[in-house]
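Some notes on the structure that comes next.
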Amino acid sequence: MNITRKSFMSLAGAAALALGMGSAPASAQEVTLSLHQFLPAQANVPRLVLDVWADNVEEDSNGRIKIDRYASMQLGGTPPELIDQAIDGVADIVWTVVGYTPGRYPSTEVFELPFMMTNARAASRAYWEMYEKHMKDTEFKDVHILGTWVHGPGMIHANREINVPGDMQGLKIRGGSRLINDYLSVLGATPVGMPVPAVPEGLSKGVIDGTTIPWEVTSALKVPELVKNHTEFEGKALYVLTFVLAMNKDRYEALPDDLKKVIDDNSGLEFSVFAGGTQADSDAPAREAAVAMGNNIVTVSEEDAKAWRDAAQPVYDSWVADMDSKGIDGQALIDEATMLIEKYTE
Numbered sequence: 009m010n011i012t013r014k015s016f017m018s019l020a021g022a023a024a025l026a027l028g029m030g031s032a033p034a035s036a037q038e039v040t041l042s043l044h045q046f047l048p049a050q051a052n053v054p055r056l057v058l059d060v061w062a063d064n065v066e067e068d069s070n071g072r073i074k075i076d077r078y079a080s081m082q083l084g085g086t087p088p089e090l091i092d093q094a095i096d097g098v099a100d101i102v103w104t105v106v107g108y109t110p111g112r113y114p115s116t117e118v119f120e121l122p123f124m125m126t127n128a129r130a131a132s133r134a135y136w137e138m139y140e141k142h143m144k145d146t147e148f149k150d151v152h153i154l155g156t157w158v159h160g161p162g163m164i165h166a167n168r169e170i171n172v173p174g175d176m177q178g179l180k181i182r183g184g185s186r187l188i189n190d191y192l193s194v195l196g197a198t199p200v201g202m203p204v205p206a207v208p209e210g211l212s213k214g215v216i217d218g219t220t221i222p223w224e225v226t227s228a229l230k231v232p233e234l235v236k237n238h239t240e241f242e243g244k245a246l247y248v249l250t251f252v253l254a255m256n257k258d259r260y261e262a263l264p265d266d267l268k269k270v271i272d273d274n275s276g277l278e279f280s281v282f283a284g285g286t287q288a289d290s291d292a293p294a295r296e297a298a299v300a301m302g303n304n305i306v307t308v309s310e311e312d313a314k315a316w317r318d319a320a321q322p323v324y325d326s327w328v329a330d331m332d333s334k335g336i337d338g339q340a341l342i343d344e345a346t347m348l349i350e351k352y353t354e
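Structure, rendered in C-alpha cells:
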C-alpha cells in the first residue's frame with residue numbers, strides 16, 4: 009500500500025491516541041501568532057511583504073502556524089511603542105521603523121545617514137550582515153529579529169518647488185528619523201517628528217509644508233493629492249529608514265523545533281533582501297501616478313547633489329562623535345556599511 013507522508017502522520021497520531029498517550033505530541037501543536045503594524049492593510053509593505061511572509065509561514069507549517077494580521081495599530085498603542093509590544097509580548101510579531109525610538113538602536117542609524125544608500129537590496133543585505141555581527145547580541149538582545157531592511161530612495165514632497173539646499177530654508181518638514189531631522193535642521197528647515205500615518209493630516213492642515221518619504225508609500229497616504237512638488241536625487245539617496253520585523257523572544261523559544269525551522273527558513277538574509285527590494289520596486293508605480301496627476305517632479309543630478317551632500321557633513325561628524333561617546337566606533341560602521349553596499353550593489 010502506498011502511504012503518503014500526510015496519511016502516515018495521521019495513522020501515527022491515531023495510534024498514539026489508541027495507546028492512551030493523551031494529547032498530540034508537541035510537534036503537532038497549533039500556534040496562532042499576532043502580527044501588528046502601523047500601516048493600512050492595503051499599503052504596499054503589508055500587502056507585498058508582510059502578507060507574503062505570513063502566508064509562506066502558514067503554508068510551510070502545513071497550517072499549524074496561523075498568523076493573525078493587525079493593521080493600523082489595531083491592537084492599540086502608537087507606532088513608537090511597537091518594538092516594546094514585541095519585547096513585552098503585547099504582540100507576538102511587529103513590523104516597525106527603528107527610528108521611531110531614536111537613539112535606542114544606534115548602530116542601525118549608519119544606514120540612515122544622508123546619501124549613504126544607493127540600492128535597497130544591497131543596503132538590506134548589508135544591514136542583515138551588520139545586524140548579525142554588531143547588533144544581535146547587543147542592541148537587539150531582548151527581541152528575536154526576523155528581518156532587517158531599508159526602503160527605496162527617500163525624497164522630499166512639499167508644497168513648493170525645491171531645487172537647491174537653500175530652498176529648504178524656513179520650511180516645516182516631517183522627517184522620519186533622528187538623523188534626517190538633524191539634516192533638515194542643517195538645511196535651515198524646521199523638522200517635525202510624526203509617524204508616517206499622521207502625514208496626510210499634517211499636510212492637509214498645514215502643520216507641515218512637506219515630508220520626507222519614499223515614492224512607494226505616497227499612494228497609500230495620498231501625498232500627491234496634498235502636495236504637488238516632489239524632489240528626488242540621482243545616485244545616492246537623500247536618506248532611507250531602517251525597519252525590523254521582530255518577534256517576542258519567549259514566544260519564539262517556546263515553539264517546537266520544527267516550527268522554529270519554519271520561521272527561520274522564511275526569515276533572515278534572503279527575506280530581508282526580498283523585503284527591501286520589493287519595497288523599492290513599488291516606487292515606480294507610485295511615481296507614475298504622481299506624473300499622471302500632473303505634479304512637478306524635480307530630479308537633482310548627481311553633480312548638483314554635491315551641494316546637498318556637502319551640507320550633510322556636520323550630520324556625519326556629530327553622529328560619529330555621538331557613537332564614540334557610547335563606546336561604538338561610528339566611523340568604522342560607516343566604512344563597513346559603505347563597503348558592503350558598494351559590494352552588493354549590482
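Going by my numbering, the sequence shown opens with residue 9, and the numbers climb by one from there. Note that beta-carbon positions come from the ideal geometry of N, C-alpha and C, so glycine has one too.
Under DSSP, Asn237 forms a beta bridge with Ala166 and Asn304. In the DSSP assignment, Met255 falls within the unbroken beta strand (DSSP E) covering Thr250 to Met255.
Remark: C-beta atoms of Leu229 and Pro208 approach each other more closely than 8 Å. Of all alpha-carbon atoms in Tyr247, Gly214 and Glu137, the one lying nearest the alpha-carbon of Ala313 is that of Tyr247. Sorting Leu154, Pro114, Pro54 and Ile75 by C-alpha distance to the C-alpha of Asp272 places Leu154 at the top.
As the crow flies, the alpha-carbon of Asp150 is around 24 Å from that of Lys74. Ranked by Cα distance from Thr126, the options Ile181, Met143, His159 and Leu56 are led by His159. Around the C-beta of Arg168, fewer than 16 other C-beta atoms lie within 10 Å, and the residue is accordingly described as exposed. The beta carbons of Gly162 and Ile221 sit closer together than 8 Å. In the DSSP annotation of this structure, the continuous segment of the beta strand (DSSP E) that includes Trp103 starts and ends at Ile101 to Val105. DSSP, reduced to helix, strand and coil, places His159 outside both helices and strands of the structure shown, so it counts as coil.
Apart from the 5 residues on each side of it in sequence, Ser212 sits with its Cβ closer than 7 Å to the Cβ of Leu234 in its chain, given in chain order. As a beta-bridge residue in DSSP terms, Tyr78 pairs with His44. Straight through space, the alpha carbons of Leu56 and Glu224 are spaced by roughly 11 Å.
Non-local C-beta neighbours of His165 in its own chain, meaning closer than 6 Å and more than five positions away in sequence, comprise Gly218, Thr219, Val231, Val235 and His238, ordered along the chain. A residue is called buried once 16 or more other Cβ atoms fall within 10 Å of its Cβ, and Asn52 is buried on that count. Sorting Trp157, Val60, Met143 and Asn304 by C-alpha distance to the C-alpha of Gly285 places Trp157 at the top.
The shortest CA-to-CA distance from Phe123 to any of Val323, Lys334 and Met331 is the one to Val323. In the structure shown, Leu154 adopts extended strand secondary structure according to DSSP, grouped into three states. Closest option to Tyr78, judged by alpha-carbon separation, among Gly71, Pro87 and Pro264: Pro87.
The beta carbons of Asp76 and Thr40 sit about 6 Å from each other, so the pair counts as a contact at 8 Å. Distance from the CA of Leu43 to the CA of Glu261, rounded to the nearest whole angstrom, comes to 17 Å. Counting the other Cβ atoms within 10 Å of the Cβ of Ala315 gives fewer than 16, which makes it exposed.
Contact between Tyr191 and Phe148 fails: their C-beta atoms lie close to 25 Å from each other, not under 8 Å. In the DSSP annotation of this structure, the continuous segment of the beta strand (DSSP E) that includes Arg182 starts and ends at Lys180 to Gly183. Taking 8 Å as the cut-off, the Cβ atoms of Glu38 and Leu249 do not count as close. Rounded to whole angstroms, the separation of the alpha carbons of Val308 and Met143 is 34 Å. Note on geometry: alpha-carbon atoms of Ala297 and Glu67 lie some 34 Å from one another. With at least 16 other beta carbons inside 10 angstroms of its own, Ser227 counts as buried. Linking Met176 to Val65 through their CA atoms gives a straight-line distance of about 45 Å. Counting the other CB atoms within 10 Å of its CB gives Pro48 a total below 16, which places it among the exposed residues.
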